[in-house]
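Step one of this worksheet: look at the structure below.
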Amino acid sequence: MKRLIAAATLILFSHTGGAMQADIQEWTTRAGTDVLFVERHELPIVDVRVTFDAGSARDGDTPGLARMTSNLLLEGTPERSAGAIARGFERYGARVSTGSGRDTAQVSVRALSEPARLDPVIDSLAEVIARADFPSDAVERVRRQMSLGLQQAQSSASALAEKAFMRGIYGEHPYATPPGGTLESVDELTRSAVVDFHRRHYTARNATVSIVGDLGAERAEAIANALSGALPAGESLQALPAVEPPASARTIRVPLEAEQTHVMMGQPSVRKGSEAYYPLYLGNHILGGGGLTSILAERMREERGLSYSSASSLTSGARRGRFQMTTQVRNDSLQEALSVMRDSLEAMRVDEPAAQRLSDSKRNITGSFPLQLDSNRDLLGYVATIGFYDLSPDYLEQFVERIDALDGEAVRSAMHEHIDPARNITVLVGPEATINEAE
Amino acid sequence: MRNALLALIPALMAAPVAAQSSSGVTEFTLDNGLQVLVREDHRAPVVVSQVWYRVGSSYETRGETGLSHLFEHMMFKGTERHAEGEFSEIISREGGRLNAFTGRDFSAYFEIMAADRLAVALELEADRMANLQINAEALSTEREVVLEERRLRTDDRPEGRFAERYAAIAHPGTGYAHPIIGWADDVAAFDVADLRDWYDQWYTPSNAILVVAGDVEPEAVHSMAQEYFGDIEGREVPTVHDADNLQPPGERRVIHRDPQARVTQLRMGYEVPSFPTAESSRDPYALQMLATILDGGDGARLAEDLVRGSGVAAAAGAGYNPMVRLDGEFSLFGVPAEGDVEAVETALREQIRRLQETLVSDEALERARSQMLADHLFEMDSVFYQAMQLGMLETTGAGYQTLNAFEENVRALTAEDLRAAARKYLRPEMLTVGIMRPADEEDAG
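In order, the protein sequence lines correspond to chains P and X. Numbering follows this note's numbering, in which position 227 of the first sequence is assigned residue number 396; successive positions increment by one, without gaps. Numbering follows this note's numbering, in which position 290 of the second sequence is assigned residue number 271; successive positions increment by one, without gaps.
Structure follows, in structure tokens:
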């Protein structure tokens, strides 16, 4: 079979003195599945991930559907029971897992590279992704597990904050839906909805295959063909709607009896591929994404002892991701913490960051890039992201160059333009008296 | 098929330079007693540097609980040469990451850097090993941070509240009975003198291990270690007295009714030997394999019988960590599917009885063996974890050479060995049963 090589890119990191190469080979199988492959022979292992556009953004009006489908993927085919499938992986020492988020659902396997051990594992993987048949008893069991997980989350301040925050910043957008569903929706999910979701989303055209490890291009190609060839061709999915940012700032209060109040504050960010992502990434790193040296950690933790963890984060997805600041503080310090967080963010929007902070952050981001790619698992994560979001194969190298080229004004103006306090959603989870008093 | 996998591992281990032991580790000891372990891994231009001290929460008595952990926080408060915050700033500027962690048996500090920046990390670690400044103001801020950490991890979480109560009953009279973060009243009471004493007692090269893993040459690491740590004076450390326990302790139950818990949970733990405390060096491997037979994956017994078969549990698991200094725990847990926690307990006890009465089948034995050997190999994908393993094996007293014995021991285990270990160790008089229930839930019987 002829392999269609669309691109082969050499990533070279030399910013820190050491050099590191990851040769990403990219092609499309006959069935229409994009494949990304990195050859790594140091360990006799292979990682394979199949990523589908089948996350909770595709739930429609049945929250939890994508998650339930993903959770049921290994629970049976017409030929084999859940136990037989699992033991089919385990006897070869392979580890298989499924997962789902807002944009994607994925199934990953890590196996030994020796063909006699890898080939049967790939056969099993192809069987389950294409022929999962969702036995009724498994549907009930997984429903129960999801429901217990949701009940448990009701006493978790961080889980409550996350749920309220996503609802607050995304409003009616599909991203607002909790990937794990709600107690009511999980109760109502049906087997036929799962079967239908699987049929429409787990298709060759809707899949990306990522392979990293101890094998040559020919075997990688055979694996990709076996996986994509097993799937139905499928039809293209509709693009997700655009995210409308919140019309106005709002505080959402969620009562929970506790010694601390959990705070989450932020708004939708930008989508993958946006030009503004780079200056926002750098701005976020300076503000709260850079660990102990960031502004929030310094002001909240080092100077005031207000919290154990104060940070900010920036994500991007197929549609706008999110920017958020997060902390947990003892109840009597809530107002002080809110002031520090708001002031810190406002300063980033008004003033250029101090020259020293700017250059330290840039050096940390560019210098630490190889650290994020020092294992096969990390590499797999990166190529899967590049593949799913259709980023340029030299995305990582470009990223470092783009960060390096930014100045303080670029950071200030991106923060000013994209993080508008008039649209900030603030979530407070804590005792009623505390959160009602806070402004 | 079976032998092909086994052939892979020695081939891999033999790859590095001849001077190394078969575990791929090169060891040096400086004159002041600092032990240096180097694990070469040249896949990426990255190095992990970890300084481990043989002190953790299990070294503390009541009145001292949480001191190791609070002290770990104070290690970021600066020296004469480097003011507070400078350590983190330098590492960050050099493109590195850093943090620290405290366990029951160790306190450890790490940096992950581009390989050619190792000296930056070593210089800073050596400086704070010898020249830390501890002042009252920094202590009072950091104490608040730690109390917030305690609220976050324990006081405000049903699972955290349950875990503290379980440990207090499961490990009575030992250093494992109290939480790593310490009891809040102890943490609130420490003063500068307590922290200085802790530093003087435990933070000395003769009580430390420098583990370096990644794209480095052992000899180069050796000379760098000599350059930065060589002049620090080695002191004697206090003798650790670990209390003799009641043997056997007897079966115990702890029922925690939590006002905020929504889901009933069961935890069962048998007190069993660890790598350093086992009389027979083979027993910890047998216990590891027993845990794999029960819960090596979704095809193993607990998922097959409790979750899918009878459906009595929504989730069930088993585990055993032999890398601890004192005796360890063979743990089981379960979440009842319909709230019937007694039925889950009965089913788990039935699983233990089956291990004691019936020999594991060849197929199950071979599957568990394949999984353990493959997992052992998969662990090598993480440079950081490789360094962690060495540090844990050393600080718990097992010795890093333990890694060499893994494959041979796992291969040698028979069904008879597993049954014998289950009979010898998984006895009711060694068992603690812990149950967390929602406060408003009725007892089922």
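Where is the CB? At the ideal position from N, CA and C, for every residue including glycine. Values in this document were obtained by computation on a predicted structure and should not be read as measured data.
*Going by alpha carbons, who is nearest to residue 400 of chain P out of P/378, P/455 and P/386?*
Checked all of P/378, P/455 and P/386; the closest Cα to residue 400 of chain P is P/378.
*Any idea what DSSP makes of residue 100 of chain X, helix, strand or coil?*
helix
*Compare the C-beta of residue 470 of chain P against all C-beta atoms of chain X and say whether one is closer than 7 Å.*
Output row for residue 470 of chain P: interface = yes.
*In the structure shown, what three-state DSSP assignment does residue 188 of chain X receive?*
Three-state result, residue 188 of chain X: helix.
*Within chain X, partners of residue 214 of chain P - CB distance below 8 Å*: 358, 359 and 362
*Near-chain X residues of the region 540 to 562 of chain P - C-beta to any C-beta below 7 Å*: 540, 542, 543, 544, 545 and 546
_Tell me which residues share the same chain as residue 2 of chain X and place their Cβ nearer than 8 Å to its Cβ, disregarding the 5 neighbours each side in the sequence._
Low confidence applies here, because residue 2 of chain X scores a pLDDT of 49, under 50, leaving its location unreliable; read the following figure in that light. If we look at residue 2 of chain X and ignore the five residues flanking it on each side, its Cβ neighbours are 8, 382 and 385.
*Quick one: Cα of residue 421 of chain X to Cα of residue 248 of chain X, how far?*
20 Å
*Find the nearest neighbour of residue 222 of chain P within the set P/288, P/285 and P/366, judged by alpha-carbon distance.*
P/366
_Those runs of the alpha helix (DSSP H) which lie wholly inside the region 21 to 109 of chain X and span at least 4 residues_ = 48 to 55 and 67 to 74
*To the nearest angstrom, report how far apart residue 152 of chain P and residue 138 of chain X are at their CA atoms.*
The first residue shown for chain P is 170 and the last is 608, placing residue 152 of chain P beyond what the model contains.
*Contact set for residue 152 of chain X: own chain, Cβ-Cβ below 7 Å, skip 5 residues either direction*: 158
*asked:* Quick check on residue 192 of chain P - is its C-beta less than 7 Å from some C-beta in chain X?
replied: no
*asked:* So residue 100 of chain X and residue 27 of chain X are supposed to be a Cβ contact under 8 Å. How far apart are they, rounded?
replied: 15 Å between Cβ atoms; not a contact.
*So with Cβ pairs under 7 Å, would you call residue 462 of chain P a contact of chain X?*
Interface with chain X (7 Å Cβ-Cβ cutoff): residue 462 of chain P is included.
*asked:* Would you say residue 317 of chain X lies against chain P (beta-carbon separation less than 7 Å)?
replied: no
*Proximity winner among P/403, P/205, P/324 and P/519, relative to residue 600 of chain P (alpha-carbon distances)*: P/324
_Range covered by the alpha helix (DSSP H) that runs through residue 305 of chain P_ = 305 to 322
*asked:* Between residue 252 of chain P and chain A, is any beta-carbon pair separated by less than 7 Å?
replied: This model lacks chain A altogether; the protein chains it does include are P and X.
*Classification of residue 38 of chain X by the beta-carbon crowding that lies within 10 angstroms, buried from 16 upward*: buried
*Select from P/486, P/302 and P/506 the residue whose C-alpha is nearest the C-alpha of residue 465 of chain P.*
P/506
*Going along the chain, which residues of the region 22 to 53 of chain X sit with their C-beta nearer than 7 Å to a C-beta in chain P?*
24, 25, 26 and 27
*CB of residue 433 of chain P within 7 Å of CB of residue 497 of chain P, strictly*: Going by C-beta atoms, residue 433 of chain P is not nearer than 7 Å to residue 497 of chain P.
*Among the residues of its own chain, which have a CB less than 7 Å from the CB of residue 54 of chain X, if the five just before and after it don't count?*
123, 126 and 127
*asked:* How far does the beta strand (DSSP E) with residue 237 of chain X in it extend, from its first residue to its last?
replied: First-last of the beta strand (DSSP E) with residue 237 of chain X: 233 to 239.
*Under a three-way DSSP split, which group does residue 8 of chain X fall into?*
strand
*Count the other CB atoms, across all protein chains shown, that sit within 10 Å of the CB of residue 562 of chain P; report buried if there are 16 or more and exposed otherwise.*
buried
*Cβ contact check for the region 577 to 584 of chain P and the region 401 to 409 of chain P: 3 or more pairs under 8 Å*: The region 577 to 584 of chain P, when compared against the region 401 to 409 of chain P, does not touch it at the 8 Å Cβ threshold.
*Thinking C-alpha only, which one of P/244, P/472 and P/272 is nearest residue 305 of chain P?*
P/244
*Using a Cβ-Cβ cut-off of 7 Å, state whether residue 527 of chain P counts as contacting chain X.*
no
*Which value, in whole angstroms, describes the spacing of the CA atoms of residue 108 of chain X and residue 216 of chain X?*
One C-alpha to the other measures close to 16 Å.
*Buried or exposed: which applies to residue 555 of chain P, given that a residue is buried once 16 or more other Cβ atoms fall within 10 Å of its Cβ?*
buried
*asked:* Can you pull the chain X neighbours of residue 533 of chain P, defined as C-beta to C-beta under 7 Å?
replied: 73, 74 and 76
*Going by C-alpha distance, which of X/286, X/417, X/264 and X/330 is nearest residue 399 of chain X?*
X/264
*In angstroms, rounded to a whole number, what distance separates the CA positions of residue 23 of chain X and residue 73 of chain X?*
23 Å
_Let me see if you follow: with CB-CB separation under 7 Å, is residue 208 of chain P close to chain X or not?_
no
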